[in-house]
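K.L.:
Take this structure, written in structure tokens, and hold onto it; I'll ask about it next.
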Amino acid sequence: MGNAVTQFQIISKSPEEAAKFYGSLFRWKVDANNPMGYRRIDTGSAEGIQGGIWPAPPQTPTFVQLFVTVEDVKATAAEAVELGAKLLIPPTMLPEGEEMAVLHDPQGMSFGLWRAAV
Amino acid sequence: MFRQRLNLEFATRKKANPRYSLRAFAAFLETDHSTLSKILSGARKATSSQLRTMGKKLGMSAEEITVHLAAEHVPDESTVQREAMLAHWTAEALAVVTGSLHWAIVRLSKRPEFQADCRWIAGQTKTTLDEVNLALTRLLRLELIDGRWRDQTGLAELTEITFRKLALERVRKKAAEDHIEIGGKERKATKWVTR
């Protein structure tokens, strides 16, 4: 079975404005009450995937990043690098037990690997 | 691109008349065959004046010629990509040599009371959550902290000066992987390193 895309992340120069805009337009709930202060998006729909908003560094344009759930973040990141990807953020454990990594694919598009807390 | 338009026109004429020569095409376009050969191969670009003359000879409208003139000045994809990379690494270097949030986070991470909680870090450093998250992401990218936010500098003497020096070294190393040189010891400039 293949790996599913399970999260989208808006990398925004103005996270607060993005939260207000999309919250207002699509009636999404945005909650940052967690140890990362991560603006989690609850679309309120059983369809599709859920997401979040993360601040963009000053030199980076606003873009959307997709996260794919994998069983082993480290192993998949290593496999991606072997296939020509570049590791941007090495496998990292988040405060609530999730694990993630961010890479650039061989064409330079960034994507994330994700494993939920166990 | 104007070059492709010229190549297409030349190919069409040759197809209609296999004996149609580059010299004949150059004469039609009111240029010499050597210049035309270079333009067709991409060894050089047509000047604005040449483009206007050739465009008129090919029956292009003024609007079409204007579009081709503008297109000639649009940087190609690789140039745009390199410029973005240069901007990125310059900004990364600037971020680690200005302000002291990165240093403050690493210093905090060594304390026994450290909490891997951005809200706690923001409170301690009197910064916003977004500022903390940006700094944390950068520290992770530069491998100055590990996945559990612990100090990975390996510095025996961790001071703001030694930290900044190391952080800048890491930025230089990462930039070099993208073939970009960030301010060397003698040349305080940022430049491309041609492969």
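Here the protein sequences come in this chain order: G and P.
Here the first sequence stands for residues -12 to 105, numbered as in this note's numbering.
Here the second sequence stands for residues 21 to 215, numbered as in this note's numbering.
Backbone N, C-alpha and C fix where the C-beta goes; we use that ideal spot for every residue, glycine too.
1) Across which residues does DSSP place residue 87 of chain G in a beta bridge pair?
2) Could you check which residue in P:131, P:122, P:149 has the C-alpha nearest to that of residue 138 of chain P?
3) Taking CB distances under 8 angstroms as the criterion, tell me whether residue 96 of chain G reaches chain P.
4) With a threshold of 16 other CB atoms inside 10 Å of the CB of residue 30 of chain P, please say whether the residue is buried or exposed.
5) Compare the C-beta of residue 108 of chain P with all C-beta atoms of chain G and state if any pair is closer than 8 angstroms.
6) Return the CA-CA distance between residue 104 of chain G and residue 19 of chain G, expressed in angstroms with no decimal places.
7) Could you give the first and the last residue of the continuous beta strand (DSSP E) run that contains residue 40 of chain G?
8) Tell me which same chain residues have a C-beta within less than 6 angstroms of the C-beta of residue 169 of chain P, skipping the five on either side of it?
9) Would the beta-carbon of residue 37 of chain G fall within 8 angstroms of that of residue -6 of chain G?
10) In chain G, which residues lie less than 7 angstroms from residue 157 of chain P when you measure between Cβ atoms?
11) Would you mind sorting residue 96 of chain G into buried or exposed? The rule is 16 or more other CB atoms within 10 Å of its CB.
12) Taking the alpha-carbon positions, what's the residue 37 of chain P to residue 44 of chain P distance?
13) Can you tell me whether residue -4 of chain G is buried or exposed? The criterion is at least 16 other CB atoms within 10 Å of its CB, across all chains shown.
14) Check this for me: beta carbons of residue 22 of chain P and residue 88 of chain P, under 8 angstroms apart or not?
15) Run the CB neighbour count on residue 86 of chain G, radius 10 Å, all protein chains shown included, and call it buried at 16 or more, exposed below.
16) Buried or exposed: residue 112 of chain P, going by 16 or more other Cβ atoms within 10 Å of its Cβ?
17) Do residue 76 of chain G and residue 25 of chain P count as a contact pair if the criterion is CB distance below 8 angstroms?
18) Can you have a look at residue 93 of chain P and say buried or exposed, based on whether 16 or more other CB atoms are within 10 angstroms of its CB?
19) Taking Cβ-Cβ distances below 7 angstroms as the criterion, which residues of the region 51 to 70 of chain P are in contact with chain G?
20) When DSSP labels each residue in this structure, what does residue 68 of chain P get in the three-state scheme?
21) To test your reading of the DSSP string, which unbroken alpha helix (DSSP H) runs of 4 or more residues are found completely within the region 145 to 208 of chain P?
22) What's the call for residue 132 of chain P, buried or exposed, on a 16-neighbour Cβ count within 10 Å?
23) Examine chain P for any beta-carbon lying closer than 8 angstroms to the beta-carbon of residue 49 of chain G, and answer yes or no.
24) Please report the straight-line C-alpha distance between residue 214 of chain P and residue 199 of chain P, rounded to a whole angstrom.
25) Just confirm the distance between the C-beta atoms of residue 188 of chain P and residue 116 of chain P, as a whole number of angstroms; I'd bet it's less than 8 angstroms.
26) If the cut is a Cβ gap below 8 angstroms, which residues of chain G does residue 195 of chain P touch?
27) Thinking residue 177 of chain P and residue 120 of chain P are a contact (beta carbons under 8 angstroms), I'd like their distance in whole angstroms, please.
28) Which residue spans inside the region -4 to 52 of chain G form an unbroken alpha helix (DSSP H) run of at least 4?
P.N.:
Put simply:
1) G:79, G:101
2) P:149
3) no
4) Buried: at least 16 other Cβ atoms inside 10 Å.
5) Yes, contact with chain G.
6) In a straight line, the C-alpha of residue 104 of chain G is about 18 angstroms away from that of residue 19 of chain G.
7) 37 to 42
8) 129, 136
9) yes
10) Result: 76.
11) exposed
12) 11 angstroms
13) So residue -4 of chain G ends up on the buried side.
14) yes
15) buried
16) buried
17) no
18) exposed
19) none
20) Note: residue 68 of chain P maps to helix in three-state DSSP.
21) 149 to 161, 180 to 197
22) exposed
23) Output row for residue 49 of chain G: interface = no.
24) With a pLDDT of 44 at residue 214 of chain P, under the threshold of 50, the modelled position of that residue is not reliable, and no figure is offered here.
25) For residue 188 of chain P against residue 116 of chain P, the beta-carbon gap comes to about 6 angstroms, under 8 angstroms, which counts as contact.
26) None at all; the shortest Cβ gap to chain G is about 13 angstroms.
27) Residue 177 of chain P to residue 120 of chain P, Cβ: 17 angstroms. No contact.
28) 2 to 13
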